[in-house]
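Note sheet for the following structure.
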Amino acid sequence: MAMETIIADANGIAASTSPSQVRVQLSTRYPDISLPENPGPILVNTNFRRYALSTLVNTLLQSERPIPFDFLINGTFLRTSLDEYLTANGISAETTLAIEFVRATIPPLYLASFEHDDWISSVDVISESSPAGKWAGSAGARRLGQERMLSGSYDGLLRIWSMSSEVLATSPSAGSGGHTSSIKTAKYISPSHVASAGLDRTIRLWKYSEDPDGFTASISPQVELYGHKASVDSLAVHQPSSRLLSASADHSLGLWLTKRSDAPAAPTSLLPSANSRSSKRRKLGPSTSTPQRGPLSLLRSHTAPVSDTIFAPNDHTVAYSTSWDHSLKTWDLPTSTCVDTRSTSHSLLSLTALPSLNLLAAGTSARHITLIDPRASATTISAMTLRGHTNAVVSLAADPDSNYGLVSGSHDGTCRVWDVRSSRSEKDGRVGESLYVVERESMKGKGRKIGGEGVKVFGVAWDKGVGIVSAGEDKRVQVNRGKGMVAEKSA
Amino acid sequence: NIDPESLLPKLPSLEELKPFPTTCATLFRGHDGRVRSLAVDPSGFWLASSGDDGTVKVWELLTGRQIWSVRLGSEEAVNVVRWRPGTEAVILSAAIGENIYLIAPPFVDPEIETKGREVLDAGWGYAANGATINATKEPAIQWTRPGSRLEDEGVLVKFSLRKTVKVISWHRRGEYFSTVCPQAQSSAVAIHTISKHLTQLPFRKLKGLAQSASFHPSKPIFLIATQRVIRSYDLSKQELVKIIQPGARWISSFDVHPGGDNLIVGTYDRRLLWHDLDLSVRPFKTLRYHKKAIRAVKYHQGGLPLFADASDDGSLQIFHGKVVGDMMENATIVPLKVLRGHTVKKELGVLDLDWHPSQPWLVSAGADGICRLWT
Ligand SMILES: [Mg+2]
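Heads up: the protein sequence lines correspond to chains F and A, in order. At position 355 of the first sequence (counting the first as 1) the number is 1355 in this note's numbering, and the numbers step up by one without a gap. At position 287 of the second sequence (counting the first as 1) the number is 818 in this note's numbering, and the numbers step up by one without a gap.
Shown next, in the form of structure tokens:
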């Protein structure tokens, strides 16, 4: 087919040649928005920005309702005019620019808040598309709209919520087999099993049961796991291999079995009865008989509190961990050995994986997120830095709908949504900026809080169906629509 | 012709001197009245604070969550709280009025709590012998059990020094700590031995009003600041080594560099003085950055070339302070950042500060009742 050059202006109508123009070749990798026929190189004004290009693509698509598009040149979003882009990158206007278009994201909309009595450290969601939902398969998968949310609180209690903000069940209090101090992390293992851990140094596994009518539900203790000597601040779950990873302030990682029958015995010196004072305190409550178990192994190599840990996305025998000691470590779990250490300049406080990019994202105490390629072949420590937060970045979650997206929760009282393609080159490497800032709805219009007082975000999760779920010092779990961020209709 | 500019020492740029604390990351709100003292624990995970409300509180350092509190009294301020060095046992020392309390706090794991209790309980046998070590007219200072209410909270030892205690400083091995009671004259400076529950008063002939005291970080040397001078003593030979003369009117505090050869001094007459102990008994550098009295000065103890002071003007000043091994080369001192945020209340601003043991983080205690973490 012969390609003729179309001359377009902002309305997509052919116009006479103007002094500064450039040829662009438009393409997309998404079939549902691909152009009906390849238009070939199009001559456009170099004063075009994203909006004008978006209008052009909608004209070519003959869309009934315009779709907002974003444009990628060499893997980076166009955030200036084409002219400024060409100048900044030293590209001649004679070149034909290859431009990829994708649906633009729209601001995450506030949906709901779930009120608690105390600070909330951690949130998780189970749905048909969440990891624990997928492991459960069709038998345990919840229909859309029947998702459940798990929250762990500084009051020491776990709560399971329906998405209509009802508490379906609360875990037992300290005297009845519950945590004896604040919960710092909570995760779904399956629709009927959850794990939690926190300041009392224990990891606890729980059975969740819910009547089909949804009116009666309960959380009952199954196993208490002992081995850590300080706060347990993060858990990672791999249900198919019955493995659990824990990150502790005692500088170690724990590897545990979630099957009680196979798990090693608990170290007696760490049990509450090992100390006369604690056992005196224990007599206050009814005695419980929850089985107690120990770790498969404790992985030691970090020299400061371990802040976060994950299983490698495609290999559950490999784990990654971040620490206040500034390093990200790779672990071979069958041999319990540290096989790689990447040292950065700051304390690392949170971790998530961007599997298709072979990158790990680590949140720092120095207010940014650093993207690290953990493969041995990687030559640079930091592939990119995401800047914008004004306080520690303590929680991260990958976008379930995009290989390039992630959300971060910070002590500055915000969550930020990032697309790693939205970045620019600076003298110390690639720097990304956030697409959106999600404020705490509870503090709306009250201005910035010094030291994040009252608004610190401690935990964030991102579910395909439910959206961005975040929680913190404002005692509220906040849900923002994440799925809809990839625009289905005009913003 | 020599360009005079070329003779000036080249100071490194602020960018090169990172990391250092620049912003307030966390507020610690919960004290009723002034916070007098604070300290980050040796593991770097907890913050202890104390104040006019008679309580000692422990907080999660990063989040600002209060995790423990004990009331030691209601009439007097807890003027000092300090952690015993070391991580194998966790022990807090605190001074309220004339009394010292030693605490094995219950929020640690059973093994560590047991070790802490063993460290504090080991000396009861010695105390029962009623040894009268110092041959003075006053009866020996007796270490006692503070009673069941406090003992249930983990407060295991109490003793009185008869005058208000203003300073506690620990020896690095955690076996000894010293205290200063400025009004106690000949018994102002005491040294306490944990394993024997023993209090000794070896500096009875001290001239001047004692202000602060500290063990040298590596040598058997003990330093005592009076209003105008700092005397260093050799503990093994029991003799005066030298008299350091900052030239100040009234010393509030001092700190020895972890390398052992340098010293910073803060004064009520608004001066911060750096002494190179190998060079001279006079200050190597005088820094005047505050409008009001300097209350506290501290070096970073974890290998970062940082020091800071806290002032009644409500601010903290952060400095780069690089000590070189070479005797011929002077320390590089660069002012880095003023940290503002504390509110001045009744002429009082920032009353204490401490560095994180390894991170470039600082904590400050305010007369405004709030502690702050700066990162
Ligand atoms: Mg986390």
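We put the CB at the ideal spot given by N, CA and C, even for glycine. As the structure is a prediction and not an experimental result, all values here were calculated from the model.
Exercise. Mind checking if Arg703 (chain A) is an interface residue toward chain F, Cβ cutoff 8 Å exclusive?
Worked result: Among the CB atoms of chain F, none fall inside 8 Å of the CB of Arg703 (chain A).
**Report entry** Distance between Tyr1154 (chain F) and Asp1118 (chain F) (C-alpha atoms, nearest Å)
**Finding:** Spanning the two alpha carbons is a distance of roughly 6 Å.
Is the beta carbon of Gly835 (chain A) less than 8 Å from the beta carbon of Ser895 (chain A)? Looking at the sequence itself, residue 835 (chain A) is Leu, so the reference to Gly does not match. The answer is no: Cβ separation not under 8 Å.
| Cβ-based burial, Asn793 (chain A) [other Cβ within 10 Å; buried from 16] | Buried, by the Cβ-count rule.
Quick one, which residues of the segment 556 to 580 of chain A are near chain F if we go by CB-CB under 8 Å, in chain order?
-> Here the close residues are Ala556, Thr557, Leu558, Arg560, Ser574, Gly575, Phe576.
Notebook entry, point to check: List, in order along the chain, the chain A residues whose C-beta lies closer than 9 Å to that of Ser1345 (chain F)?
Noted result: Here the neighbours are Lys549, Pro550.
Check your understanding: Taking a cut of 9 Å between CB atoms, which residues from the segment 1219 to 1232 of chain F lie near chain A?
Key -> Answer set for the segment 1219 to 1232 of chain F: His1228, Lys1229, Ala1230, Ser1231.
* To do: Express the C-alpha separation of Gly1075 (chain F) and Ala1397 (chain F) in angstroms, rounding to a whole number.
  => In this structure, the straight-line span from the alpha carbon of Ala1397 (chain F) to that of Gly1075 (chain F) is close to 22 Å.
| message | Check whether chain A comes within 8 Å of Leu1328 (chain F), counting only Cβ atoms and requiring the distance to be less than that. | response | Cβ-Cβ to chain A under 8 Å: no for Leu1328 (chain F).
Please say whether Ser1218 (chain F) and Val1477 (chain F) have beta carbons closer to each other than 8 Å? No, Cβ-Cβ distance for Val1477 (chain F) and Ser1218 (chain F) is not below 8 Å.
Query raised in the report: What is the rounded straight-line gap between the Cα of Glu644 (chain A) and the Cα of Leu1235 (chain F)?
Result: Approximately 25 Å between the Cα atoms of the pair.
* Within-8 Å CB hit, Gly1451 (chain F) to chain A -> Chain A contact via Cβ: present.
Tell me which residues share the same chain as Gly661 (chain A) and place their Cβ nearer than 6 Å to its Cβ, disregarding the 5 neighbours each side in the sequence. Any reading at Gly661 (chain A) needs caution, since the residue's pLDDT is 49, under 50, leaving its predicted position unreliable; the model's value is listed next. Scanning its chain for C-beta atoms nearer than 6 Å, with the 5 sequence neighbours on each side dropped, one finds no residue around Gly661 (chain A).
Is the Cβ of Arg1282 (chain F) closer than 8 Å to any Cβ of chain A? Only weak support is given to the placement of Arg1282 (chain F): the predicted model assigns it a pLDDT of 45, under 50, and the value that follows is read from those uncertain coordinates. With 8 Å as the cut-off, Arg1282 (chain F) does not count as an interface residue toward chain A.
Exercise. When Cβ atoms are compared, which residues of the segment 1094 to 1122 of chain F fall closer than 8 Å to chain A?
Worked result: Those residues of the segment 1094 to 1122 of chain F placed with their C-beta closer than 8 Å to a C-beta in chain A are Trp1119, ordered along the chain.
Under a Cβ-count criterion, where at least 16 other Cβ atoms within 10 Å of its own Cβ denotes burial, should Arg780 (chain A) be classed as buried or exposed?
Under a 10 Å Cβ-count criterion, Arg780 (chain A) is classified as exposed, with fewer than 16 other Cβ atoms of the shown protein chains found around its own Cβ.
Exercise. Do the segment 1451 to 1463 of chain F and the segment 1408 to 1425 of chain F meet, that is, are 3 or more Cβ pairs less than 8 Å apart?
Worked result: Yes: the two stretches touch, three or more of their Cβ pairs being nearer than 8 Å.
Please confirm whether Leu1351 (chain F) and Leu1360 (chain F) have their CB atoms less than 8 Å apart.
-> With contacts defined by Cβ atoms closer than 8 Å, Leu1351 (chain F) and Leu1360 (chain F) form a contacting pair.
Contacting residues, own chain, Cβ-Cβ under 8 Å from Gly576 (chain A) (five flanking each side not counted): Strictly speaking, residue 576 (chain A) in this sequence is Phe, with Gly absent from that position. Here Phe576 (chain A) has Glu591, Leu592 as same chain residues with Cβ atoms under 8 Å from its own Cβ, once five neighbours each way along the sequence are excluded.
- prompt: Which residues mark the beginning and the end of the alpha helix (DSSP H) in which Lys646 (chain A) is found?
  reply: Boundaries of the alpha helix (DSSP H) around Lys646 (chain A): 641 to 652.
Coarse secondary structure for Val1420 (chain F), derived from DSSP in three states: Reduced to three states, the DSSP call for Val1420 (chain F) is coil.
Worksheet item: Looking only at C-alpha atoms, which of A:Leu882, A:Lys876, A:Ile864, A:Leu837 sits nearest to Pro888 (chain A)?
Response: Checking every option, the nearest Cα to that of Pro888 (chain A) belongs to A:Leu837.
| Are at least three pairs of beta-carbons, each pair with one atom in the segment 1423 to 1436 of chain F and one in the segment 553 to 561 of chain A, less than 8 Å apart? | With a cut-off of 8 Å on Cβ pairs, the segment 1423 to 1436 of chain F is not in contact with the segment 553 to 561 of chain A, counting fewer than three such pairs.
- When you check each C-beta in the segment 735 to 761 of chain A against every C-beta of chain F, which residues fall closer than 9 Å? For the segment 735 to 761 of chain A, which is checked against every Cβ of chain F, not one residue is closer than 9 Å.
With a cut-off of 8 Å, does the C-beta of Ser1176 (chain F) fall near any C-beta of chain A? Not closer than 8 Å to any Cβ of chain A, the Cβ of Ser1176 (chain F) fails to qualify, so no.
- request: Count the other C-beta atoms from every protein chain shown that fall within 10 angstroms of the C-beta of Asp534 (chain A), then say buried if there are 16 or more, exposed otherwise.
  value: That one is exposed.
**OP:** With a threshold of 16 other CB atoms inside 10 Å of the CB of Ser574 (chain A), please say whether the residue is buried or exposed.
**Re:** Flag for Ser574 (chain A) reads buried.
* Asked: Excluding the five sequence neighbours on either side, which residues of its own chain have a C-beta within less than 7 Å of the C-beta of Pro891 (chain A), listed in chain order?
  -> Within the same chain, Pro550, Phe551, Pro552, Leu835, Leu837 come within 7 Å of Pro891 (chain A) by CB-CB distance, once the 5 residues on both sides are set aside.
**Contact with chain F by Ile643 (chain A), beta-carbon distance below 8 Å** = Taking Cβ atoms only, chain F reaches closer than 8 Å to Ile643 (chain A), which makes this a yes.
Q. Distance, Cα to Cα, Gly1472 (chain F) vs Val1057 (chain F)?
A. Their Cα atoms are separated by approximately 41 Å.
Using a Cβ-Cβ distance cut-off of 8 Å, determine whether Lys1456 (chain F) contacts chain A. Against chain A, the CB of Lys1456 (chain F) has a partner CB under 8 Å away; the residue lies at that interface.
What three-state label does DSSP hand Glu547 (chain A) in the structure shown?
Correct three-state label for Glu547 (chain A): helix.
Give the straight-line distance between the Cα atoms of Ile1120 (chain F) and Thr1341 (chain F), rounded to the nearest whole angstrom. Put simply, the backbone Cα of Ile1120 (chain F) is about 32 Å away from that of Thr1341 (chain F).
Check your understanding: Which stretch, first to last residue, makes up the alpha helix (DSSP H) that contains Glu1084 (chain F)?
Key -> It spans 1082 to 1089 - the alpha helix (DSSP H) in which Glu1084 (chain F) sits, taken as one unbroken run.
* How do the segment 1099 to 1116 of chain F and the segment 1124 to 1137 of chain F stand: do at least 3 beta-carbon pairs fall below 8 Å, yes or no? -> Short answer: they don't touch.
*Hey, Glu1210 (chain F) and Leu1168 (chain F) are a contact pair by Cβ (cut 8 Å); roughly how many whole angstroms apart?*
At roughly 6 Å, the Cβ-Cβ gap stays under 8 Å, so Glu1210 (chain F) and Leu1168 (chain F) are in contact.
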